[in-house]
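Visitor: Using this note's numbering, the first residue of the sequence shown is number 243, and each one after it goes up by one.
We put the CB at the ideal spot given by N, CA and C, even for glycine.
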Amino acid sequence: MIRLHINIDHVATLRNARGTQYPDPVYAAELCEYAGADGITCHLREDRRHIRDEDVDALRRSVKTLLNLEMAATPEMAKVAAKVVPDVVTLVPERREEQTTEGGLDVVGNEASVASVAEVCEKNGIKLSLFIEADQRQIEASRQVGARQIEIHTGAYANLAGQNRAEELSRLRRGAEHAAQLGLEVAAGHGLTRHNVVDVAAVSHVSELNIGHAVVADAVFLGLDRAVRDFRAAIQRGIALREKR
Ligand code: PXP
Numbered sequence: 243m244i245r246l247h248i249n250i251d252h253v254a255t256l257r258n259a260r261g262t263q264y265p266d267p268v269y270a271a272e273l274c275e276y277a278g279a280d281g282i283t284c285h286l287r288e289d290r291r292h293i294r295d296e297d298v299d300a301l302r303r304s305v306k307t308l309l310n311l312e313m314a315a316t317p318e319m320a321k322v323a324a325k326v327v328p329d330v331v332t333l334v335p336e337r338r339e340e341q342t343t344e345g346g347l348d349v350v351g352n353e354a355s356v357a358s359v360a361e362v363c364e365k366n367g368i369k370l371s372l373f374i375e376a377d378q379r380q381i382e383a384s385r386q387v388g389a390r391q392i393e394i395h396t397g398a399y400a401n402l403a404g405q406n407r408a409e410e411l412s413r414l415r416r417g418a419e420h421a422a423q424l425g426l427e428v429a430a431g432h433g434l435t436r437h438n439v440v441d442v443a444a445v446s447h448v449s450e451l452n453i454g455h456a457v458v459a460d461a462v463f464l465g466l467d468r469a470v471r472d473f474r475a476a477i478q479r480g481i482a483l484r485e486k487r
């Protein structure tokens with residue numbers, strides 16, 4: 243079983259582009275849950291470019307499955323987490339000028355700020371997940387700082403082709419194996435489509451996928467319900483591959 247978490251940030255991106263009240267990310271989250279999503283993910287960025295504070299509050303009230311709040315490891319965001327109490331906090335690196343989250347969090351180089359958010363999570367019963375590269379040092383530091391889960395960044399895998407993609411997939415496999423040996427839960431995400439997700443779902447120990455852009459893009463043509471269900475079917479194909487190995 244792999245949990246499918248849908249990131250609804252880009253519904254808010256579309257809303258904000260016209261300064262309207264619609265499309266509503268909360269309604270999108272409800273439809274995703276209806277289509278079988280196991281959780282809803284949103285990223286409250288420092289610049290509030292898509293999801294806003296009031297969206298997070300409304301999602302906390304309405305999400306019935308599980309709310310995963312992606313955020314930077316800053317004192318401002320630690321306060322938000324303590325107030326909202328999402329089910330999961332995923333710490334991500336954040337740079338103002340980036341289009342999307344590029345690269346994993348440097349847990350090794352930011353141990354103090356990650357540890358202070360870990361303390362807030364511990365106090366409030368929030369599961370902590372760290373969005374990192376499949377790198378042994380980062381995985382070990384994640385364990386050290388008290389995370390229960392790592393989310394492996396699949397952006398490079400998604401952007402590569404042929405032999406390079408195969409090598410990157412092997413690196414993801416080794417990372418997942420190492421994390422599982424340390425007792426960490428393993429999630430994955432970024433850049434996944436209903437095509438390239440199959441091989442990631444086939445990676446042993448991956449128990450959660452966070453998917454945003456491609457679901458919202460597919461929804462433009464297929465509708466959100468169908469887009470989520472198609473992803474679920476693709477993930478099932480990956481699980482079948484895993485079981486065959
Ligand atoms: N996981 C994390 C931690 C992310 O920051 C993002 C992007 O917001 C995703 C998953 C989803 O990536 P994508 O939108 O490319 O599916």
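Are the region 410–424 and the region 371–391 in contact at 8 angstroms, needing three or more beta carbon pairs?
Guide: Result yes; three or more Cβ-Cβ pairs closer than 8 angstroms.
Visitor: Roughly how many angstroms separate the alpha carbons of residue 440 and residue 477, rounded to a whole number?
Guide: If you number the sequence shown from 1, residue 440 lands on position 198. If you number the sequence shown from 1, residue 477 lands on position 235. Cα to Cα, the separation comes out at about 6 angstroms.
Visitor: Which whole-angstrom value describes the C-beta separation of residue 460 and residue 276, a residue pair presumed to lie in contact below a C-beta threshold of 8 angstroms?
Guide: Counting from 1 along the sequence shown, the entry for residue 460 is found at position 218. Counting from 1 along the sequence shown, the entry for residue 276 is found at position 34. With 8 angstroms as the limit, residue 460 and residue 276 do not qualify as a contact, their Cβ atoms being about 16 angstroms apart.
Visitor: Using a threshold of 7 angstroms, is the CB atom of residue 453 nearer than that to any non-hydrogen atom of the ligand PXP?
Guide: Your numbering for residue 453 matches position 211 in the sequence shown. For the ligand PXP, at least one heavy atom lies less than 7 angstroms from the Cβ of residue 453.
Visitor: Between residue 469 and the ligand PXP, is there a pair consisting of the residue's CB and a ligand heavy atom that are separated by less than 7 angstroms?
Guide: In the sequence shown, counting from the first residue as 1, residue 469 sits at position 227. No, Cβ of residue 469 sits at least 7 angstroms from all heavy atoms of the ligand PXP.
Visitor: CB of residue 456 to nearest heavy atom of the ligand PXP: below 7 angstroms?
Guide: For the purposes of this step, residue 456 is identified with residue 214 of the sequence shown, where counting begins at 1. Yes.
Visitor: Let's test the definition: count the other Cβ atoms within 10 Å of the Cβ of residue 264 and tell me whether it reaches 16, buried, or not, exposed.
Guide: As a position in the sequence shown, residue 264 is number 22, starting the count at 1. The residue is exposed, with fewer than 16 neighbouring Cβ atoms inside 10 Å.
Visitor: So residue 334 is in the alpha helix (DSSP H); what residue range does that whole segment cover?
Guide: Taking the sequence shown and counting its residues from 1, the one referred to as residue 334 is at position 92. Careful: residue 334 lies outside any alpha helix (DSSP H) and carries neither H nor E.
Visitor: Can residue 370 and residue 390 be called in contact, C-beta distance under 8 angstroms?
Guide: Mapped onto the sequence shown, residue 370 falls at position 128. Mapped onto the sequence shown, residue 390 falls at position 148. Against a cut-off of 8 angstroms, the Cβ pair of residue 390 and residue 370 comes out as a contact.
Visitor: Which two residues bound the contiguous beta strand (DSSP E) that contains residue 372?
Guide: Residue 372 sits at position 130 when you count from the first residue of the sequence shown. Run containing residue 372: 369–374, per the beta strand (DSSP E) assignment.
Visitor: Beta strand (DSSP E) containing residue 311: first to last residue?
Guide: What you label residue 311 is simply residue 69 of the sequence shown in a count that begins at 1. Start and end: 309–313.
Visitor: Hey, quick one: how far does the beta strand (DSSP E) through residue 395 stretch, first residue to last?
Guide: For the purposes of this step, residue 395 is taken as residue 153 along the sequence shown, with counting starting at 1. Segment 391–395, the beta strand (DSSP E) holding residue 395.
Visitor: When the Cα atoms are used, what is the spatial distance from residue 250 to residue 431?
Guide: Reading the sequence shown from its first residue, position 8 is the one you call residue 250. Reading the sequence shown from its first residue, position 189 is the one you call residue 431. For residue 250 and residue 431, the distance between alpha carbons rounds to 14 angstroms.
Visitor: Starting from the Cα of residue 480, find the closest Cα among 462, 445 and 453 and give me that residue.
Guide: Looking up residue 480 in the sequence shown gives position 238. Of 462, 445 and 453, the residue nearest in Cα terms is 445.
Visitor: Please indicate yes or no: does the CB of residue 261 lie closer than 7 angstroms to some heavy atom of the ligand PXP?
Guide: The residue you call residue 261 lines up with position 19 of the sequence shown. No, the Cβ of residue 261 stays beyond 7 angstroms of every heavy atom of the ligand PXP.
Visitor: Is the CB-CB distance between residue 310 and residue 282 below 8 angstroms?
Guide: In the sequence shown, counting from the first residue as 1, residue 310 sits at position 68. In the sequence shown, counting from the first residue as 1, residue 282 sits at position 40. Yes. Within cutoff.
Visitor: Rounded to whole angstroms, what's the CA-CA distance from residue 472 to residue 351? Just pull it up for me.
Guide: Sequence index remark: in the sequence shown, residue 472 carries index 230 (1-based). Sequence index remark: in the sequence shown, residue 351 carries index 109 (1-based). So the two alpha carbons sit approximately 39 angstroms from each other.
Visitor: Where do the N-terminal and C-terminal ends of the beta strand (DSSP E) with residue 285 fall, by residue?
Guide: Within the sequence shown, numbered from 1, the residue matching residue 285 stands at position 43. Residues 281–285.
Visitor: Would you kindly work out how many angstroms separate the C-alpha atoms of residue 450 and residue 259, rounded to a whole number?
Guide: In the sequence shown, the residue the question calls residue 450 occupies position 208. In the sequence shown, the residue the question calls residue 259 occupies position 17. Distance between the alpha carbons of residue 450 and residue 259 is about 30 angstroms.
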